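Structure first, then comments.
2 protein chains.
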Amino acid sequence: MSVNDLMRSRTLKWLNTGGNNGDVVLLSRIRLARNLRQIPFPNRADYNALAQVELQLDKTIPQIVEGLGQPFDRLDMEHISALQRQVLIEKQLISSNLVKNPQHRIAYISDDRRITIMANEEDHIRIQCTLAGFDLDHAWRLASDIDDCIENQVNLAFDEKMGYLTSCPTNLGTGMRASVVLHLPGLVYSRNMDSIVNLSPQLGLAVRSLFGTKENPSCIYRISNQLTLGLSEEELIENLKSTVNEIVAHERAARKALLYYMKDDVEDRIWRAYGTLRYARSLSEGELFGLLAKVRLGLDLKIIDEVSPECYGELLVGGRTSYLRNFAENENLSANEVDRLRAAHVRETLTRHRIGREE
Amino acid sequence: MSVNDLMRSRTLKWLNTGGNNGDVVLLSRIRLARNLRQIPFPNRADYNALAQVELQLDKTIPQIVEGLGQPFDRLDMEHISALQRQVLIEKQLISSNLVKNPQHRIAYISDDRRITIMANEEDHIRIQCTLAGFDLDHAWRLASDIDDCIENQVNLAFDEKMGYLTSCPTNLGTGMRASVVLHLPGLVYSRNMDSIVNLSPQLGLAVRSLFGTKENPSCIYRISNQLTLGLSEEELIENLKSTVNEIVAHERAARKALLYYMKDDVEDRIWRAYGTLRYARSLSEGELFGLLAKVRLGLDLKIIDEVSPECYGELLVGGRTSYLRNFAENENLSANEVDRLRAAHVRETLTRHRIGREE
Chain G
173 MSVNDLMRSR
183 TLKWLNTGGN
193 NGDVVLLSRI
203 RLARNLRQIP
213 FPNRADYNAL
223 AQVELQLDKT
233 IPQIVEGLGQ
243 PFDRLDMEHI
253 SALQRQVLIE
263 KQLISSNLVK
273 NPQHRIAYIS
283 DDRRITIMAN
293 EEDHIRIQCT
303 LAGFDLDHAW
313 RLASDIDDCI
323 ENQVNLAFDE
333 KMGYLTSCPT
343 NLGTGMRASV
353 VLHLPGLVYS
363 RNMDSIVNLS
373 PQLGLAVRSL
383 FGTKENPSCI
393 YRISNQLTLG
403 LSEEELIENL
413 KSTVNEIVAH
423 ERAARKALLY
433 YMKDDVEDRI
443 WRAYGTLRYA
453 RSLSEGELFG
463 LLAKVRLGLD
473 LKIIDEVSPE
483 CYGELLVGGR
493 TSYLRNFAEN
503 ENLSANEVDR
513 LRAAHVRETL
523 TRHRIGREE
Chain B
173 MSVNDLMRSR
183 TLKWLNTGGN
193 NGDVVLLSRI
203 RLARNLRQIP
213 FPNRADYNAL
223 AQVELQLDKT
233 IPQIVEGLGQ
243 PFDRLDMEHI
253 SALQRQVLIE
263 KQLISSNLVK
273 NPQHRIAYIS
283 DDRRITIMAN
293 EEDHIRIQCT
303 LAGFDLDHAW
313 RLASDIDDCI
323 ENQVNLAFDE
333 KMGYLTSCPT
343 NLGTGMRASV
353 VLHLPGLVYS
363 RNMDSIVNLS
373 PQLGLAVRSL
383 FGTKENPSCI
393 YRISNQLTLG
403 LSEEELIENL
413 KSTVNEIVAH
423 ERAARKALLY
433 YMKDDVEDRI
443 WRAYGTLRYA
453 RSLSEGELFG
463 LLAKVRLGLD
473 LKIIDEVSPE
483 CYGELLVGGR
493 TSYLRNFAEN
503 ENLSANEVDR
513 LRAAHVRETL
523 TRHRIGREE
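Set out below in structure tokens:
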């Protein structure tokens with residue numbers, strides 16, 4: 173695939189619905205931080221050292237490609253535009269850390285977009301594997317296989333006592349961050365999210381709201397392990413999984429309660445959100461996230477039946493500001509112009525995903 | 173037509189679009205107040221006297237029917253339900269004065285719904301003729317013909333100096349109230365309506381907002397002559413016409429200015445209003461009026477092209493609370509139930525009036 177395809181594509185396999193527990197869990201991700209022996213961490217490394225990392229990682233890729241049976245795109249951050257970098261960040265294909273200083277920062281992105289390997293992010297090597305739905309075990313196996321493949325070819329900084337050495341001490345040990353992204357409209361609309369956010373540090377987990385604004389909550393949260401040390405990767409993942417299972421159960425109970433106690437009101441709000449997306453001529457990014465949260469809930473509750481659920485993931489990607497500026501091939505598009513383009517994209521997407529007869 | 177048809181019909185010929193200056197003038201109305209000689213005005217009359225008025229007016233109807241070539245429905249306010257009376261008021265087929273004490277209060281309504289003759293309203297006889305668009309002359313001729321026909325058959329209270337005697341001195345003289353109902357979204361949205369309302373008494377005119385709320389302006393105003401004395405009917409009508417012509421010109425200029433200076437915003441608001449009407453599951457009457465004002469503007473400006481303009485009049489009739497309670501044959505329908513029924517009616521009406529391909 174060309175860089176252009178990567179930028180313009182509005183589908184991301186791991187934003188598809190239909191994954192395991194896909195009504196609540198949007199995606200699962202494992203990220204591993206690794207560093208090469210005897211080379212300074214990227215924040216202290218000079219260009220020569222960074223180039224050495226780049227070179228060493230380049231050499232490991234063919235074997236990874238062979239093992240996975242799919243090609244990778246190699247994107248040099250220095251050779252793509254600032255806008256293109258932002259699109260990759262929006263799509264969660266790279267981290268924002270990778271582009272602070274683009275020199276010798278490389279992203280290798282697998283053809284199916286599930287795997288990104290980054291060179292000279294906060295650590296020399298970052299491996300991230302993202303899968304649709306609740307599928308941490310599979311994501312972990314995938315990341316671990318790639319890690320093994322790299323470890324066979326280079327010398328990683330590893331200490332028998334400490335585990336993998338990392339630039340930031342919060343990643344020390346396993347170097348692993350496991351996370352799931354959840355859609356929690358039931359808990360948000362019933363005002364139960366605060367207690368979960370407050371409780372999470374005691375469980376060794378971090379809960380962070382993604383996208384949206386206070387007025388327009390996206391209801392999307394990323395939950396990840398805070399600890400990286402003292403437990404095995406499998407134990408850390410099990411810990412996260414058990415908490416996520418509880419949150420999923422709470423979310424489903426909250427949705428049932430909403431339907432039981434305020435069905436009319438919920439239906440009205442969901443359909444109004446859909447009507448606004450279908451007809452608005454201008455939409456801010458924040459408003460889009462707020463409306464999408466309601467529409468997604470409507471799709472999950474089978475209240476909205478005139479559009480296929482796949483539209484949700486496409487709108488989360490194709491409705492973003494950098495995506496639209498890049499699509500229009502005009503990074504200077506004004507905020508108003510972007511908002512109008514966003515509304516046009518949303519209308520086109522919903523029309524394309526229309527199903528069945530209308531009422 | 174049966175009473176039931178009269179109640180359930182959602183079309184009123186004089187709410188059709190396409191009348192003279194129909195982009196701004198919804199309808200024109202002439203109302204004449206007449207009283208019978210030597211019978212006390214209704215507010216002072218006993219049942220015998222009221223019955224006498226009823227009897228005398230009954231006798232004049234056949235000749236009116238013959239002259240107009242169409243039948244009249246005779247509705248005795250005592251013999252229809254309170255809810256049915258409210259529906260007639262909502263449809264502007266009778267005045268609210270007619271139903272305060274329903275005994276011996278009769279409405280004769282022409283088959284085409286343009287003419288209502290009321291017995292024992294504030295005056296013994298009230299004749300009202302309503303036509304679509306800006307058509308006061310025609311409405312005046314129609315009312316005048318009916319008046320002549322009645323005058324030939326009964327003795328009207330008339331004083332050479334004062335003119336027609338009426339229960340309330342504000343109607344003395346011609347007994348005529350000429351009015352037009354205007355849709356003025358351009359002047360309302362550009363905040364120019366206050367100056368027109370403030371200026372109107374100096375012109376001998378009354379401007380009154382109909383329906384809607386401050387938050388949800390319907391943008392519908394009734395403008396009528398205040399004077400009834402000292403000028404001929406034709407002079408009073410000419411006076412009203414010339415002011416209305418000016419307001420129409422101002423309204424069109426305001427619409428042009430809105431499109432020139434804030435086209436994107438206007439289009440967005442209009443389409444969002446349409447989207448809400450198309451998809452909401454619950455609508456208050458106030459919100460409906462506010463949304464309809466925007467949709468009607470969108471229809472007039474040819475911004476909304478997927479629904480025929482006839483929907484507007486139907487929604488103004490079929491979206492009303494008493495209409496819906498009567499339609500559901502349940503006068504005890506709760507406010508929430510009415511709001512849900514209203515939304516369902518609106519969706520059905522818009523789907524039925526759908527034209528062309530959607531985007």
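Just so you know, the sequences run in chain order G and B.
Positions in the first sequence are counted from 1; adding 172 to them yields the working numbering.
Positions in the second sequence are counted from 1; adding 172 to them yields the working numbering.
Yeah, the Cβ is synthetic: ideal placement off N, Cα and C, and Gly gets one too.
These numbers come from a predicted model, not from an experiment.
Give the range of the beta strand (DSSP E) segment to which residue i is assigned.
i                 : result
Leu377 of chain B : 377-382
Ala291 of chain B : 287-291
Leu496 of chain B : Element bounds for Leu496 of chain B: not the beta strand (DSSP E) but the alpha helix (DSSP H), 493-499.
Asp248 of chain G : 244-248
Arg164 of chain G : Residue 164 of chain G lies beyond the range of chain G shown here (173 to 531); nothing can be said about it.
Should residue i be labelled buried (16 or more other beta-carbon atoms within 10 Å of its own) or exposed?
i                 : result
Leu533 of chain B : This structure does not reach residue 533 of chain B, given that chain B is present from 173 up to 531, and the question cannot be answered.
Met334 of chain B : exposed
Thr521 of chain G : buried
Ala152 of chain G : There is simply no residue 152 of chain G to check, as chain G begins at 173 and stops at 531 in what is shown.
His517 of chain G : buried
Glu531 of chain B : Only weak support is given to the placement of Glu531 of chain B: the predicted model assigns it a pLDDT of 44, under 50, and the value that follows is read from those uncertain coordinates. It is exposed - the Cβ of Glu531 of chain B has fewer than 16 other Cβ atoms within 10 Å.
Ser367 of chain B : exposed
Thr342 of chain G : exposed
Assuming contact is defined by CB atoms lying nearer than 8 Å, are residue i and residue j in contact in what I supplied?
i                 : j                 : result
Leu382 of chain G : Ile392 of chain G : yes
Ile527 of chain B : Ile475 of chain B : no
Asn397 of chain B : Gly384 of chain B : no
Arg209 of chain B : Leu328 of chain B : yes
Ala311 of chain G : Lys185 of chain G : no
Pro214 of chain B : His296 of chain B : yes
Ile202 of chain G : Leu308 of chain G : yes
Glu262 of chain B : Ser494 of chain B : yes
Arg451 of chain B : Arg444 of chain G : The displayed chain sequence assigns Tyr, not Arg, to residue 451 of chain B. Closer than 8 Å, so yes.
Ser147 of chain G : Phe306 of chain G : Residue 147 of chain G lies beyond the stretch modelled for chain G, which goes from 173 to 531, so this question has no answer here.
Arg206 of chain B : Gly347 of chain B : yes
Ser267 of chain G : Glu293 of chain G : yes
Ile289 of chain B : Ile252 of chain B : no
Arg427 of chain B : Gly358 of chain B : yes
Leu354 of chain B : Leu460 of chain B : no
Ser390 of chain G : Leu464 of chain G : yes
Ala291 of chain B : Arg277 of chain B : yes
Asp245 of chain G : Leu204 of chain G : no
Gly485 of chain B : Leu265 of chain B : no
Tyr446 of chain B : Gly462 of chain B : no
Leu371 of chain G : Glu423 of chain G : no
Thr232 of chain G : Cys301 of chain G : no
Specify the secondary structure class of residue i as computed by DSSP and reduced to three states.
i                 : result
Leu399 of chain G : coil
Met365 of chain B : helix
Cys391 of chain B : coil
Asp320 of chain G : helix
Cys483 of chain B : helix
Arg203 of chain G : strand
Thr183 of chain G : coil
Val259 of chain G : helix
Gly335 of chain G : strand
Gly358 of chain B : helix
Leu178 of chain B : helix
Ser282 of chain G : strand
Val326 of chain G : coil
Val196 of chain B : coil
Ser268 of chain G : helix
Ser372 of chain B : helix
Gly190 of chain G : coil
Gly347 of chain B : coil
Between which two residues does the alpha helix (DSSP H) harbouring residue i extend?
i                 : result
Val237 of chain G : 219-240
Ser414 of chain G : 405-451
Phe213 of chain G : Note, Phe213 of chain G: premise wrong, no alpha helix (DSSP H); not H, not E.
His517 of chain B : 507-524
Asp560 of chain B : Nothing in the structure corresponds to residue 560 of chain B, since chain B is present only between 173 and 531.
### Query
What residues in the region 420-454 of chain G bring their beta carbon closer than 7 Å to a beta carbon of chain B?
Flagged, chain order: Asp436, Glu439, Asp440, Trp443, Arg444, Tyr446, Gly447, Thr448, Arg450, Tyr451, Ala452, Arg453, Ser454.
### Query
What residues in the region 502-519 of chain G have a beta carbon less than 8 Å from any beta carbon of chain B?
Of all residues in the region 502-519 of chain G, Asn508, Arg512, Ala515, Arg519 have a Cβ within less than 8 Å of some Cβ in chain B.
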